[in-house]
Structures are given as structure tokens and as C-alpha cells.
Amino acid sequence: MADDPLSNSTTNNKRAEGIQLQHGDCESESTAPLLLAPHESYRLSAAILPWVPLLLFLLPPLLPWSAGTFFCSFLFPALGGLLYGYDIGATSGATISLKSSTFSGTTWYNLSSLQTGLVVSGSLYGALIGSILAFNIADFLGRRRELILSSVSYLIGALLTAAAPNFPIMVVGRFFYGIGIGLAMHAAPMYIAETAPSQIRGMLISLKEFFIVLGMLLGYIAGSLFVEVVSGWRYMYATSTPLCLIMGIGMCWLPASPRWLLLCAIQGKRNIMESKENATRCLCRLRGQASPDLVLEQVDLILDELSYVDQERQAGFSEIFQGKCLKAMIIGCGLVFFQQVTGQPSVLYYAATILQSAGFSGASDATRVSVLLGLLKLIMTGVAVLVVDRLGRRPLLIGGVSGIAVSLFLLSSYYTLLKDAPYVAVIALLLYIGCYQLSFGPIGWLMISEVFPLRLRGRGLSIAVLVNFASNALVTFAFSPLEDLIGTGILFSAFGVIAVASLVFIFFIVPETKGLTLEEIEASL
Numbered sequence: 011m012a013d014d015p016l017s018n019s020t021t022n023n024k025r026a027e028g029i030q031l032q033h034g035d036c037e038s039e040s041t042a043p044l045l046l047a048p049h050e051s052y053r054l055s056a057a058i059l060p061w062v063p064l065l066l067f068l069l070p071p072l073l074p075w076s077a078g079t080f081f082c083s084f085l086f087p088a089l090g091g092l093l094y095g096y097d098i099g100a101t102s103g104a105t106i107s108l109k110s111s112t113f114s115g116t117t118w119y120n121l122s123s124l125q126t127g128l129v130v131s132g133s134l135y136g137a138l139i140g141s142i143l144a145f146n147i148a149d150f151l152g153r154r155r156e157l158i159l160s161s162v163s164y165l166i167g168a169l170l171t172a173a174a175p176n177f178p179i180m181v182v183g184r185f186f187y188g189i190g191i192g193l194a195m196h197a198a199p200m201y202i203a204e205t206a207p208s209q210i211r212g213m214l215i216s217l218k219e220f221f222i223v224l225g226m227l228l229g230y231i232a233g234s235l236f237v238e239v240v241s242g243w244r245y246m247y248a249t250s251t252p253l254c255l256i257m258g259i260g261m262c263w264l265p266a267s268p269r270w271l272l273l274c275a276i277q278g279k280r281n282i283m284e285s286k287e288n289a290t291r292c293l294c295r296l297r298g299q300a301s302p303d304l305v306l307e308q309v310d311l312i313l314d315e316l317s318y319v320d321q322e323r324q325a326g327f328s329e330i331f332q333g334k335c336l337k338a339m340i341i342g343c344g345l346v347f348f349q350q351v352t353g354q355p356s357v358l359y360y361a362a363t364i365l366q367s368a369g370f371s372g373a374s375d376a377t378r379v380s381v382l383l384g385l386l387k388l389i390m391t392g393v394a395v396l397v398v399d400r401l402g403r404r405p406l407l408i409g410g411v412s413g414i415a416v417s418l419f420l421l422s423s424y425y426t427l428l429k430d431a432p433y434v435a436v437i438a439l440l441l442y443i444g445c446y447q448l449s450f451g452p453i454g455w456l457m458i459s460e461v462f463p464l465r466l467r468g469r470g471l472s473i474a475v476l477v478n479f480a481s482n483a484l485v486t487f488a489f490s491p492l493e494d495l496i497g498t499g500i501l502f503s504a505f506g507v508i509a510v511a512s513l514v515f516i517f518f519i520v521p522e523t524k525g526l527t528l529e530e531i532e533a534s535l
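Residue numbers (my numbering): 11 to 535.
Structure representation (C-alpha cells):
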């Protein structure tokens, strides 16, 4: 199967006269139903927000699809990533507000370290639950309805957390919000991958990582604005509710994934002619100005490819660990595992200590630096978004992970040999953040959305997401005991060795998927 046929024509903008594009016609899927300073606040919108229209509207005029459909079909799923990032950023300020006797606005502000840990990590535990739920319900619900369910879980979690009358209710709210994270991080890359043209699929899925980082920055800003307000932590969490509503309403408006509809048809779950017609309608909506003849041609090609790669049978659990899916599982789970065990949570944990050693010791300095580090992450993710479909996945992974390994060994040398040279640690920190956002950050999520066979994509990706969050929890909770046992320098050396091992894994195991359709990727495994 060649490149996306929709990209071959930029002039034919007619629609099929017999195809109605109202939302209801596409709804066959729904037949069953770094510590922020308390006194600092910044107006960073001028620095942050221009990135979004730049990336989202620079390319569409050059393509045969309308900017509106291009924007909406990406934006609403990507809001799931933005809400995930917002939670990370807002929680850093919320814990300060919640534990303050002056600004907490509660009688239970004197939280123990265990209770604080539950507030911070509650969404992570919920994400693990969400990943397990996705394994069982994803293929039944479809990508679109899973994202709607995610937005509902986000909304319930945000409201429960913001309005919590006591600590147990707050923890329940954090769990619900985390379930939304697990479902969104599972379904969003699938929906984007299955609806995006192959030529820009990598850019769009990587842009979801950009939205996660943007969400972190918005969370940091919300924290700085409300941290000196009585019950400010409630406002920090409540601020996310409009985005939850926008995401849910937007996903209700968007059509189902055409590939999911066609998969259901060839597996005998739906009438094939009706599903083909529905898939054509949905793809017309997603492509906007594209020719309906080209849309129908692509639908036929997808059906042919799905039949050729033997998608007719429904997936069994044992098949996930056989044949092509086993290879995809090794690639996807290996990438997200190495993404976390190369020390990503731990390096960021040490960021404040490293910067303090370099002279950034004041509270205002810490606030500015936390935002500047977020801006660095945003900029480097933007670079990855712009070049991933030109350079490919492997070059970014190999180059970025090589830089990660070098930065980890530099951090190790600082803590063991070069304690009087804090600039070494600062350089290593900036190198690590930049290289991570060029490689593991966006490319890990991109690859797991591409490599799994369609028939097993829902379950396979849910396992990969589960591995991601479980690895994050493992590194987070094991870091302090290991640091006490073997020392910080040796621990960073161990992370460096793991980074070298991940480089070998990428070089020999991870394939290049640039420019290939999802069906071509599956056939090549």
C-alpha cells in the first residue's frame, strides 16, 4: 500500500452528493450506547501560546484538508494529554497551598508525608487502574467513546478534588482523575494515529507530547496565581474543569475512527456495507476538503490491507504474545520501559538541588527556573514535532538517547568527582531535558501508537501504557532507598548504563516507520 491517497490531490474539493455529513451519520460507533514561590506570578502567555497556532496552522494550508477539521480532529484528543500535564504542574503548587495553615482553608492541612504522597501520586495509581480498564473495554467502546469516558472521569476527578470536604474524598478525586489519565493516554494516540494522514502522523502524535508539556506550564502558572489565595488549591484543580468539558463535547462531535469501524465489520460485528459507508462519511468529515473519490479509494485500500494481514478473527489474550504482536509488544513496551528507567523522574527530582548548587537558591529564582525548564521542554518538544516526519523516528531516538547517556554520566561524575564544578551538573541537567524531549518524550508515545496490529492495537497499547505508568512508579519509589544504599553518583551511573542498553535496543530492535501507513507498518513487522 502506497502513501495516503488523499495527499495526491490538492484540487478536487467536491464532496459526494449522496453522503450526508451530519454528526449522527457517523455514529455507528455508538449503536450501543520545582516548587513555585508563594508570592510570584508571571504572564507567560505571550511566550507560550504562539507555539500552538504556529504548529497547528502553519501546515494545514499546504494540504488538501481544511484547517478547521485538521485542528479539531487533533485538538480534542490532545486535550487529554494537556489535562495530564496540567495535573503534574498544578499539583506542585497545590501541595504547598494544601499544607499551609494560612492558605489551606481546611482543618486537615497538617498532612503527613504519607498523605502528601497520596495527593501527589493518587493520579498515578488511578492511571494504572485506567490502563487496566482500557485493556478490557477499549476494543468494545472504540477510540472515540473511550476518550469521552476519559473526559467524564477527568471532570468527576477535578470536581471531587476541588470540592473535597475532607482528605479521603480528595484522594478519591485524585484516583478518578488518574483513571481519566490512563484512558486518555491510551485512546488519544490511537485515535490520532488512525485518523491522521501518514505524511503528518508522526508530527500530530508528537504534538500530543507538546500539549502535555504545555499543560505542565499552565499548571505551574495556575499554582503561582492561586498559591497565596485561601483555598487556592481548590481553584488550581477546578481550573481544569472547562477543559474537561471542552474535551468531552469535542469528542462527542468528532466522528469515530474509520479504521476501527472497518475492523469491526471484517470481524463480523457489523454489516460490512453499512460500516464501509459509515467509515467513508467519517473519513470525509476528518479530511474536510478532500475528494470523496479519494476517500472511498482509501477506505477500499484499508479494507484490502486488513484482509491481507488476517484481521478477520477477533483477538484472543494469548495472541498478544504471539507473532507480529509479540514483536510489537517488545518494541512498544521496551521503549516506554526505557523511557522511565533511564531516570526521567529522578533527574527532574534533583533539578532543584542542582540549580541551588549553581546559585539559584532564592524562592523567586526557583520559581523562574521551574518555568524556564518547562519552556525548554516545550521548545525541544516543538523541535521534535517539526522534524519527526522529515528525519524519522530512529535518528531522533538514537541521537537523543545518546545525549541522555552522556548527561547521566556527567551527573554521576559531578556527584562523585566534580563537586566543586556545579556548572557540570547544570549542563548535564539541561542536556538531559533537551535530549529527552527530542527522543523518548514524544517518540515513545508515537511508536506505541503505530506498531501494534489493528486487531490487537487496543489491548496491546493498554499494556504498553500500563508498563509506562508502572515503570514510573517503580523508579519514583525505588530511587530514595537505592540512593541511601549505593549513593547518588553510582545511581546515576547505573541510569547511564541503562541508557546505553536502551540505545542498543533501539539500534537493533526498533524499526523506522516514517511515511508508512499503519497497514504497511503492520505488514513489515
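Note that CB positions come from ideal geometry on N, CA and C, so glycine has one too.
Asked: With a CB to CB cut of under 6 Å and the five nearest residues on each side skipped, what residues in its chain are close to Leu228?; Found: Tyr96
Asked: Assuming Gly99 and Met257 form a contact by the criterion Cβ under 8 Å, report the distance between their Cβ atoms to the nearest whole angstrom.; Found: That belief does not hold up - the Cβ atoms of Gly99 and Met257 are roughly 17 Å apart, past 8 Å.
Asked: Do you know whose CA, among Leu441, Ile519 and Cys343, lies nearest Ile473's CA?; Found: Cys343
Asked: Are the CB atoms of Lys524 and Gly402 within a distance shorter than 7 Å?; Found: yes
Asked: Is the beta carbon of Phe185 sitting closer than 7 Å to the one on Trp118?; Found: no
Asked: In three-state DSSP terms, what is Gly176?; Found: The question names Gly, but residue 176 is Asn in the sequence shown. It is coil, neither helix nor strand.
Asked: State the start and end residues of the unbroken alpha helix (DSSP H) segment that holds Tyr119.; Found: Neither: Tyr119 is in no alpha helix (DSSP H) and is coded neither H nor E.
Asked: Measuring alpha carbon to alpha carbon, tell me which of Gly188, Tyr164, Leu264 and Leu466 ends up nearest Ile139.; Found: Gly188
Asked: Quick check on Met283: buried or exposed, where buried means 16 or more other Cβ atoms within 10 Å of its Cβ?; Found: exposed
Asked: Between the segment 189 to 201 and the segment 149 to 164, are three or more C-beta pairs nearer than 8 Å?; Found: yes
Asked: Quick one: is Thr527 buried, meaning 16 or more other Cβ sit within 10 Å of its Cβ, or exposed?; Found: buried
Asked: Is it the case that the segment 114 to 134 contacts the segment 164 to 182, given that we only count it when at least three CB pairs across the two stretches are under 8 Å?; Found: yes
Asked: Where do the N-terminal and C-terminal ends of the alpha helix (DSSP H) with Gln349 fall, by residue?; Found: Gly333 to Val351
Asked: Below 8 Å, can you find three or more Cβ-Cβ pairs linking the segment 407 to 423 to the segment 466 to 484?; Found: no
Asked: By the DSSP assignment, the alpha helix (DSSP H) with Val416 in it spans what residues?; Found: Arg403 to Thr426
Asked: Are Tyr94 and Ile231 touching if we call contact CB-CB under 7 Å?; Found: no
Asked: In terms of residue numbering, what span does the alpha helix (DSSP H) encompassing Val223 cover?; Found: Arg211 to Phe236
Asked: Could you tell me whether the Cβ atoms of Ser216 and Pro452 are closer together than 7 Å?; Found: yes
Asked: Take Val7 as the anchor and find which of Ser449, Ser422 and Ser141 has the nearest alpha-carbon.; Found: The chain is shown only over 11 to 535; residue 7 falls outside these bounds and no answer can be derived.
Asked: Got a sec? Which residues, its chain only, sit under 8 Å from Glu522 by beta carbon, not counting five neighbours each side?; Found: Gly402, Arg403 and Arg404
Asked: What span of residues does the alpha helix (DSSP H) with Ala533 cover, start to end?; Found: Leu528 to Ser534
Asked: Could you give the DSSP three-state label for Thr112: helix, strand or coil?; Found: coil
Asked: Just to confirm, are Thr205 and Ser83 a CB contact at a threshold of 7 Å?; Found: yes
Asked: What is the DSSP secondary structure of Val182, reduced to helix, strand or coil?; Found: helix
Asked: Please classify Thr112 as buried or exposed, where buried requires at least 16 neighbouring CB atoms within 10 angstroms.; Found: exposed
Asked: Exposed or buried, Pro252, counting other C-beta atoms within 10 Å across all chains shown (16 or more means buried)?; Found: exposed
Asked: DSSP three-state label for Phe462, please.; Found: coil
Asked: Assuming Glu529 and Lys334 are in contact, meaning their beta carbons sit under 8 Å apart, how far apart are those beta carbons, in whole angstroms?; Found: Incorrect: roughly 12 Å between the Cβ atoms, too far for contact.
Asked: Taking a contact to mean a Cβ-Cβ separation below 7 Å, would you say Cys254 touches Tyr164 in this structure?; Found: yes
Asked: Looking only at its own chain, which residues have a Cβ that is under 6 Å from the Cβ of Pro463, when we skip the five neighbours before and after it?; Found: Lys334, Cys335 and Glu532
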